[in-house]
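Student:
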Amino acid sequence: IEPGGKLGDLYLGHLVGLLFAPLANLEEAGSGLWSKIRKKMDGTGGGGGGGGGGGGTNDTEQSLVTGPTPPSYAPCPMATDSLDVLVGGCHGTYPEYQPQTTSNGTSSGGMLNGLPTSYGGRRAMVTGEASGGQRRKTWSELKSIVSETRRQMAISMAATFPMCVNFRTLSDGRTRVYFLSPPPANGWDTVLFYTDVPARTATSNGSRSDTQRGGGDSEGSMHDESQSRLMEWHPLLEPVLGHLSTNNSREVQLLLERKRLSIWGITSYELHKSSGKIVFPACNTLYQCLDTGYGDSMLFPSELRIFQRAAAIDPQICPHNSDLVGFVCNGDIWVVHTHSGHSERLTYAHDGRRSFADDPLTAGVPSYVMQEEFSRYQGFWWQPQSDDEIYRIVYEEVDESDVSLYTFPSSQSSGRDHEEYRFPRAGTPNAKSKLKLVQFRLSENLRITDICIKELQCPLTFAFPWLEYIVRVGWTPDSKYVWAQLLDRPQQRLEVVLLPVDNFCEIYSSLSSSPNCGTVGGNHTAANTHQATTVPSTQSQQQQQQQQQHQQTNAQSSTTGWRSPLDKSTRPMQVIYSETSSSWVNVHELLYFIELTDQEVTFLWASEETGFRHLYLVTSSLAAGGSNSNTSTITTSTNNSTTGSSSNSHSSSNSSCNSNTNSNASAGSHPSVSVTPGAVTQQQTVGAGTGAELNSNNVSSAQKTTTDHRTLPSIDGIGSTLMPRIVSKVALTAGRWEVLGRNVWYDRVHRLVYFMGLRETPLEKHLYVVALAHPNVLRLLTMPGYSFTVDFNDDCTIFLQTYCNIYTLPSWELIRISHDGAETEPGRPPTTGVPVSVDALELISVGYLGEGGPSENTQYNPSIHSPRISSGDVLYAMVFKPHNFTLGVKYPTVLNVYGGPEVQTVSNTFKGMRQLRMHMLASQGYCVVCVDSRGSRHRGVEFESYIRCRMGTVELADQVEVLRILADQLGYIDMDRVAIHGWSYGGYLSLMGLVQYPDVFKLSIAGAPVTSWEYYDTGYTERYMDLPDNNRSGYVAGSVLNYIQKFPDEDNRLLIIHGLIDENVHFYHTSQLVNRLVRANKPYQLQVYPNERHSLRNLEASKHYETKLLSFLQNHL
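Numbering of the sequence shown is given in this note's numbering, commencing with residue -2 and proceeding in unit increments.
1) Which whole runs of the alpha helix (DSSP H) in the stretch 364 to 391 are 4 residues long or more, in chain order?
2) Would a C-beta distance cut-off of 8 Å place F877 and T805 closer than the cut-off?
3) According to the Cβ coordinates, are E492 and S617 closer than 8 Å?
4) Fully enclosed by the stretch 557 to 622, which beta strand (DSSP E) runs are 3 residues long or longer?
5) According to DSSP, is Y857 part of a helix, a strand, or is it coil?
6) DSSP beta-bridge partners for Q250?
7) With distance defined between alpha-carbon atoms, name the residue in R147, R444, K134, L918 nearest to T335.
8) Would T1104 pass as a contact of K429 if the rule is Cβ separation under 8 Å?
9) Return the Cβ separation of Y982 and D929 in integer angstroms, given the expectation that the two are a contact with Cβ distance under 8 Å.
10) The beta strand (DSSP E) spanning Q966 covers which residue range?
11) Straight-line CA distance for W602 to N854?
12) On the CB-based measure, 16 or more other CB atoms within 10 Å of its CB, does Y291 come out buried or exposed?
13) Which residues mark the beginning and the end of the alpha helix (DSSP H) in which G983 is found?
14) Does DSSP put S430 in a helix, a strand or coil?
15) So does the stretch 951 to 959 actually touch the stretch 753 to 762, counting three or more Cβ pairs closer than 8 Å?
16) Just how far apart, CA to CA, sit L749 and G349?
17) To the nearest angstrom, how far is it from the Cα of E1011 to the Cα of E416?
18) Report back the beta-carbon spacing between L1116 and I263 to the nearest angstrom; my notes put them in contact at under 8 Å.
19) Are there three or more Cβ pairs, one per stretch, closer than 8 Å when the stretch 605 to 613 is compared with the stretch 716 to 723?
20) CA-CA distance, V470 and T192?
21) At which residues does the alpha helix (DSSP H) containing S1139 begin and terminate?
22) Quick test of the definition: if touching needs 3 or more C-beta pairs under 8 Å, does the stretch 853 to 867 touch the stretch 794 to 802?
23) Which of the three DSSP states, helix, strand or coil, is assigned to S1030?
24) Between the C-alpha atoms of F304 and R342, what's the straight-line distance to the nearest angstrom?
25) Within its chain, find whatever has a CB closer than 7 Å to the CB of Q1111; leave out the 5 residues flanking it on each side and keep chain order.
26) What is the DSSP secondary structure of Q1141, counted as helix, strand or coil?
27) Could you spell out the range, first to last residue, of the beta strand (DSSP E) harbouring R351?
28) Are the stretch 1060 to 1071 and the stretch 995 to 1010 touching, with three or more C-beta to C-beta distances below 8 Å?
29) Taking 8 Å as the threshold (C-beta atoms), are E810 and Y783 in contact?
30) Rounded to a whole number of angstroms, what is the C-alpha to C-alpha distance between L227 and L846?
31) Quick one: grab the DSSP three-state call for R173.
32) Could you please give the first and the last residue of the uninterrupted beta strand (DSSP E) stretch that includes N1039?
33) Between the stretch 913 to 927 and the stretch 888 to 904, are three or more C-beta pairs nearer than 8 Å?
34) To the nearest angstrom, how far is it from the Cα of P426 to the Cα of A770?
35) May I ask you to list the residues that DSSP assigns as paired with M753?
36) Take the Cβ of W136 as the centre, count every other Cβ of all protein chains shown within 10 Å, and call the residue buried at 16 or more, exposed below.
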């Protein structure tokens, strides 16, 4: 439901630029844009520029810059410049900004449109007219304005971003960097490029050849460069595929919709780093090529020879044999040997020939809720390594038998006039998931044989009756365990469990020769092993009889048969961590295994138990009786920063929403998050200091500084492994700021942890490093005043950083990390286990793949404000001034609202093509305001859970209060002419705004709105609103349908926009609203797009929507 939070960060940033660059006279745009960007750096050329979401930082922004902005001819400060250079020459730090207004309505301090009045950039593209008294434009004129605005912005605001970045070390020491991007000169499709980083060589004095540019803080040494070095891009593939976006299958369309990808060409690729094999999906099939790293010519991709009944998606190369590629086709997992060309279907969950309603099983495809609400798009995982010549894949089998089926009219479905979807509404059954394992061998003639499917001998739902969602899955690095993160339905309890490979056993098999499935016998073809799959309940009676015959035959020839769920001949599954929350558990990607032995496992983990997400180094016992039989040692660091006591109920914390609402609303209270080390209730103190210093990756509890000893109760039997036995837990970070939940990188040689966080401001993403030996001693590696995204190579010696701010379009720079004296001579591997202080790191600039600079179209730069509301909270807001701004004039204003969880709209990133419609409104004389109210992300558990169980009733109060504060301070917002406009959750709040604040909002434009939370999906709705039966009052109060009589009787105040085949927020939401408006005889306007889903992807539909938006506003605001 949130378009901003799951847009793949980098992808949507240049979405509209890609869409409309061809309309912008591509030859002119292509030849001129790249040279303009480069010329800006040395002052030899003009031209604006911009990015989309700020290099993936669309959800982290910052308050208004207080320092002077460099003139347009000044070079952009680089991210590796020292802090004093940055602060003195460009921007200052970012305290809470309280703008003061003068009598004429302008902000004090010489600020104009968020920039100093002395700013030297020229104003371009001023097309708007002063509001009031102007002739209304015809539809034809508005159409021309939309097209011209798009054309101009595609030229002046376009920017490129690296996507899907991968690093590969070649045999000669070079590092090859692969990435997806549109061509820098001109182009339509995204292309796979690479650039080479030469190996470091020692000079005569022993120093390295790279140029030093210092660290990300004031203490880093540096040498400035007279000229920046732009590294050359090389296209890897011959352009033989043409435009790849023309005719995607339904499966591909829905996957792109779930990922919020709106790019053309190659949207993803798989790289096998040791061999150089690359596989990517295109045109509903798969292509491959081999990059040796030493040829100069482009590679010719060849289509994989696979048997297809539908589109092939999600290709994955086997980690220990690059000739094997697994993929999903028609709801089942296939594997192909790329040399022999032999492909084989591994699973038989989905039939594909039956009707959609009668074919509910799939293998390797996550459910809708898992993709949409938990951002997991992968459904099978190769075993990283194997020493027995057996290839194993663990996969998810999904059964949607109990999920409600919905039919949508559609003019796009080939051969039919409707589409069918499974969709679990709040309070209704979810899809059921199982983890299974399929294994096979390769015969001498490279054919896939001896296929065998295994299931867990103790089903997860038997061991964890509360289990609802398997949110994350993977293998441990040693390939001995499958790990999974399990979540309950209220999403208040999460456990991390290790599943030994030998826990997967064959329930029955058609062959006694299946590997590790009975007696190992002769070689049989894979075709005879298909019956090893469990029979779906929906199969025909004849098929079930055939399976039963195979079972009877197999019972005579196999020595395995059924195993007891409590068979003690195998290692038991082990819970290594447990966490509960009184609000909800935010699922993240921060699990990294440091060391795993037969006795214990050490891993990096992130928890919000202190109210903010922070990193922890956790060691958990794998012994059946715990550490020292029954004793667990809890190790923490000591600091002035303390947390409240944590409740330790191991059962699901499924309290009613009414009580939660009251407690959340009370002053000084906030939802609690507890971590369960066994059955111990503890009060932890975390913070800075070195009281828990580690002198190895994982040391025994006797070697650590121990602050508390607790005795765990003895639990006999299998249940003893289903409670975590925490040996030690060290807080690596702490404070009232958040570690981002997407990436963590670990340098095993130097025992350093790199991560992204928001310590400087909630509005900027930055890179930090911490040593395991010195918890909470952090070093900032990136420059304040910019927001960053980062990609590392495997050994954490090189990273690519993309950065920008609200005034500067994105740059991307390659940085090498030097460890001072800890490094060895070139070509000699470093000594394992050398601890390095974070202060010894040195950042060395290798070069730039793209250089940004200050935007000269200053009227496009919004200002950022941080007013304090009546609750005492500081909120962040962003204001786009009308391009025809004149002092003393008040302008009609559009409150562009999202307002829901998981999204942050205000950040210190360049506002380019992703904000196309905001720029378009500003160019036509409107003031545009965006506010991140309480409930938005990156502000901590208490701030985010403000909306818990009461969505739609509290967010608007913050939005309106900030709007009024800004109107008083800025002086040019006309509070008599305010429209509210948003999409998805923003569309929902746009409707609520009109009924709750009809005196504030003259107009409401609601795009794809939720109208009742009972119609939306389980995963999202129940996380924030609880189940309907537990929060009936909250669902009633949050339903637009219960406020029909409050909609105004005046005509032309409500415009509803919706795509007819929206499979996310169904058109049913709008139809129910319209039905009730009609019954109440209330006026409304409705704009339907028959061929659009939740996002408008068709160019004609997008242009029509923008023309309709401008027409509705000019005629009625």
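Quick reminder that beta carbons are idealized off the backbone N, C-alpha and C, glycines included.
Tutor: On the basis of the coordinates in this document:
1) 365 to 371
2) Your numbering for residue 877 matches position 880 in the sequence shown. Your numbering for residue 805 matches position 808 in the sequence shown. Cβ distance not < 8 Å, so F877 and T805 don't count as in contact.
3) Along the sequence shown, read from residue 1 onward, the residue named residue 492 stands at position 495. Along the sequence shown, read from residue 1 onward, the residue named residue 617 stands at position 620. Their beta carbons are not under 8 Å apart, which means E492 does not touch S617 by this criterion.
4) 571 to 578, 588 to 593, 597 to 604, 611 to 618
5) Along the sequence shown, one-based indexing puts residue 857 at 860. Helix at Y857.
6) Along the sequence shown, one-based indexing puts residue 250 at 253. For Q250, which the question treats as bridged, DSSP gives no partner whatsoever.
7) Position 338 of the sequence shown, counted from the start, is the residue given in the question as residue 335. Out of R147, R444, K134, L918, R444 has the C-alpha closest to the C-alpha of T335.
8) Against the sequence shown, residue 1104 aligns to sequence position 1107. Against the sequence shown, residue 429 aligns to sequence position 432. Taking 8 Å as the Cβ cut-off, T1104 and K429 do not qualify as a contacting pair.
9) Within the sequence shown, numbered from 1, the residue matching residue 982 stands at position 985. Within the sequence shown, numbered from 1, the residue matching residue 929 stands at position 932. Incorrect: roughly 13 Å between the Cβ atoms, too far for contact.
10) Taking the sequence shown and counting its residues from 1, the one referred to as residue 966 is at position 969. It is not in any beta strand (DSSP E) - Q966 instead sits in the alpha helix (DSSP H) that spans 952 to 967.
11) Here residue 602 is taken as the residue at index 605 of the sequence shown, counted from 1. Here residue 854 is taken as the residue at index 857 of the sequence shown, counted from 1. Going from the Cα of W602 to the Cα of N854 covers about 44 Å.
12) Numbered from its first residue, the sequence shown carries residue 291 at position 294. Classification of Y291: exposed, given that the 10 Å Cβ count is below 16.
13) As a first step, residue 983 is located in the sequence shown; it is residue number 986 there, counting from the start. G983 -> alpha helix (DSSP H) spans 982 to 993.
14) By one-based count along the sequence shown, residue 430 stands at place 433. Strand at S430.
15) no
16) In the sequence shown, residue 749 corresponds to position 752, counting from 1. In the sequence shown, residue 349 corresponds to position 352, counting from 1. Computed Cα separation, rounded: 49 Å.
17) As a first step, residue 1011 must be located in the sequence shown, where it is residue number 1014. As a first step, residue 416 must be located in the sequence shown, where it is residue number 419. Those two C-alpha atoms are separated by around 22 Å.
18) The structure shown does not extend to residue 1116, since the chain is modelled only from -2 to 1114, so the question has no answer here.
19) no
20) The sequence position of residue 470 within the sequence shown is 473, counting from 1. The sequence position of residue 192 within the sequence shown is 195, counting from 1. Spanning the two alpha carbons is a distance of roughly 33 Å.
21) There is no way to answer for residue 1139, as the model of the chain reaches only from -2 to 1114.
22) no
23) Start at 1 with the first residue of the sequence shown, and residue 1030 comes out as number 1033. DSSP places S1030 in helix when its eight states are reduced to three.
24) Counting from one through the sequence shown, the residue named residue 304 turns up at place 307. Counting from one through the sequence shown, the residue named residue 342 turns up at place 345. Rounded to whole angstroms, F304 to R342 spans 9 Å at the Cα level.
25) Here residue 1111 refers to the residue found at position 1114 of the sequence shown. Within the same chain, Q1111 has close Cβ partners R133, K134.
26) Nothing about residue 1141 can be reported from this structure: the residues present for the chain run from -2 to 1114 only.
27) Walking along the sequence shown from the start, residue 351 turns up at place 354. Element bounds for R351: n/a, residue is neither H nor E.
28) yes
29) What you label residue 783 is simply residue 786 of the sequence shown in a count that begins at 1. What you label residue 810 is simply residue 813 of the sequence shown in a count that begins at 1. No, these two residues do not count as a Cβ contact at 8 Å.
30) Here residue 227 refers to the residue found at position 230 of the sequence shown. Here residue 846 refers to the residue found at position 849 of the sequence shown. Whole-angstrom Cα-Cα distance: 6 Å.
31) Taking the first residue of the sequence shown as 1, we reach residue 173 at position 176. Three-state DSSP puts R173 in a strand.
32) Reading the sequence shown from its first residue, position 1042 is the one you call residue 1039. Run containing N1039: none; DSSP gives neither H nor E here.
33) yes
34) Indexing the sequence shown from 1 puts residue 426 at position 429. Indexing the sequence shown from 1 puts residue 770 at position 773. When rounded, the distance between both Cα atoms is 47 Å.
35) In the sequence shown, residue 753 corresponds to position 756, counting from 1. Per DSSP, L764.
36) For this step, residue 136 is matched to residue 139 along the sequence shown. W136 is exposed by the Cβ-count criterion.
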